[in-house]
Amino acid sequence: MKAGNEKSHGLLKVYRGPKLRVWEIQVDGPHIEEWPPRGHRTLYGDLKPEDLDSGTITQRLRSFAQIAYRRPLANGELAPIERMVVAKLQEGVEPLEALQLGLQTILASPGFIYLAEGEGRLDAYSLASRLAYFLWSSTPDIELLKVAHSGKLSDPEELNRQVDRMLADSKSERFVSNFIRCWLGLDSIGEMPVSVDFREYYRNNLETAMRLETESFFRHILDENLPPSEFLTADYSFLNRELGEHYKIEGLEGSHMRQVSLKGSGRRGLTGQGLFLTASANGVDTSPVVRGIYVLEKVLGYTPPPPPPDVPELDPDITGATSLREELAKHREATSCAECHRKIDPLGFALENYDAIGSWRDEYNRGNPVDASGKLPSGDEFQNPSEFRDLMIERSDDFTKCLAEKLLTYSLGRELDFGDREVVEHMLAKLGAEDGGLKDLVKAVVLSESFGKN
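No gaps in the numbering here: position 139 of the sequence shown is 737 in my numbering, and each next residue is one more.
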């Protein structure tokens, strides 16, 4: 036994359980596709430590600042940082350390942290930044900056070409995941973790699978440029083995996502997906009011007003649908509550066959049968989730408008105001006239008056 292992050697003398002996460990890597990596080249270019002096450092700082600020530098804009770096060199600071200090200062400056877009029509570089942060959640690449420099970026044909190019890039996965997170309010899932009673949710890593399902579904509609109504009508989704088991669909093997038919499963479109159903619950049990508001906001684009301050909150439906229906019926007897609950409650009860993590159920925990029937304000009645989805499909125009508003809001980074209404109507009219798909809707956002100015 080598020196230093006396304690473990003593433990081995008294330990009588199974033993594991490791004779050899091999480490392979690092697995990097390119060297030096892109981040290193962005910071240092082709410079080596022995190449650094006041001249090369100044040149490198200016090149990096144009990338960081997403535009050409104004005259003298970098002078304070350059003077600081030169002073550090004169003090005897190593050239590499002085360069890194300058780079850090650029990354802490307002030019990098803030998007100074000004008011009115965006200039070419601000437009490039807005487009890049919309579709990539990142800064413009070299090609986008070159097009901005050429003055051609504001041309509709060029903008369409750039949207096609950027959506084909792997960085557009950030758009898919980030937009879905904002649209469906997925941060609330982390704030309200599901009950430990739903052990399969954690054991089978269902949250990750649910997110991948909706992202793959969205990506498919985007890449194929299918109409937005596909979010409501699709009789397929993208599942892996664990999510298939969750949906009671047999025959799926492996953890990878693949397109699967949902015919006969009682699910259809976005409202039948686990992520949508989990995000619209409280993590423990379902509430028709909470789900109804969620459907109104995320599918139909309507946010009901808050309840009057003197109305008590409703508890989650842990006793069964009958008692909660009676309690909600009492709410509707109050004039101040009736109008909103007439719109909210049917949408929530329509999805009561799904529990807090989207599993199908015919009964509640205490054996009370689920009643998913309802009557919409229009007078249309339904008996189950399937009939409810058929009625939602008839309102696909409302969904498309909701999706257009969510996309425009996400692209601008602000809430829409009165002036944006006409913009949305123009986008929808053009989309309808051309039988456009989701990618066409994204392009309509980019070409809109709101996107091109502040």
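We treat Cβ as the ideally placed atom computed from N, Cα and C, and that holds for glycine.
Just so we're clear, the structure is a prediction, and the values are computed from it rather than from any experiment.
query                                                                                                                           : result
Helix, strand or coil at E961 according to DSSP, with G and I counted as helix                                                  : strand
Contact between the stretch 819-830 and the stretch 1026-1037 (3+ Cβ pairs under 8 Å)                                           : yes
Residues near D651 in its chain [Cβ-Cβ closer than 7 Å; skip 5 each side]                                                       : P693
Supposed contact pair P902 and I847 - C-beta distance, whole angstroms, cut 8 Å                                                 : In fact, because the Cβ distance is near 35 Å, the residues do not count as touching under 8 Å.
Euclidean distance between Cα positions of L699 and A706                                                                        : 11 Å
Q857 in three-state terms, based on DSSP                                                                                        : strand
Beta-carbon proximity of G870 to G862, cut-off 9 Å                                                                              : no
Y952 - partner residues in DSSP beta bridges                                                                                    : W958
Beta-carbon spacing of L687, I655 below 9 Å                                                                                     : yes
Separation of L810 from R816, as counted between CA atoms                                                                       : First, the residue type needs correcting, since residue 816 is Phe and not Arg in the sequence shown. Spanning the two alpha carbons is a distance of roughly 10 Å.
Burial state of S736 (16 or more Cβ within 10 Å)                                                                                : exposed
Pair within 9 Å by beta-carbon distance, I955 and L837                                                                          : no
Sequence-distant residues of the same chain with beta carbon closer than 7 Å to E1003, five excluded per side                   : G899, L1014 and V1022
Y834 beta carbon less than 9 Å from that of S853                                                                                : no
Contacts around S878, its chain only, beta-carbon distance under 6 Å, and the 5 residues preceding and following it disregarded : R889 and Y892
Span separating the alpha-carbon of L1039 from that of M855                                                                     : 26 Å
Distance between N802 and S770 (C-alpha atoms, nearest Å)                                                                       : 28 Å
Cβ neighbour criterion (16 or more within 10 Å) applied to M682                                                                 : exposed
For S835, three-class secondary structure by DSSP                                                                               : strand
Three or more C-beta pairs below 8 Å linking the stretch 942-951 and the stretch 960-975                                        : yes
Own chain partners of I916 with C-beta closer than 6 Å, once the 5 adjacent residues on each side are dropped                   : In this prediction, I916 has a pLDDT of 42, which is less than 50 and means its spatial position is unreliable; what the coordinates show is noted afterwards. Contacts found: D883.
Cβ distance (whole Å) where L873 is taken to contact T831 below 8 Å                                                             : The Cβ separation is near 18 Å, so there is no contact.
First through last residue of the alpha helix (DSSP H) which encompasses G700                                                   : P693 to L705
Coarse secondary structure for P914, derived from DSSP in three states                                                          : Only weak support is given to the placement of P914: the predicted model assigns it a pLDDT of 49, under 50, and the value that follows is read from those uncertain coordinates. Reduced to three states, the DSSP call for P914 is coil.
Opposing strand residues paired with P967 [DSSP bridges]                                                                        : E961
Among R660, A685 and V684, the one whose alpha carbon lies nearest that of G674                                                 : R660
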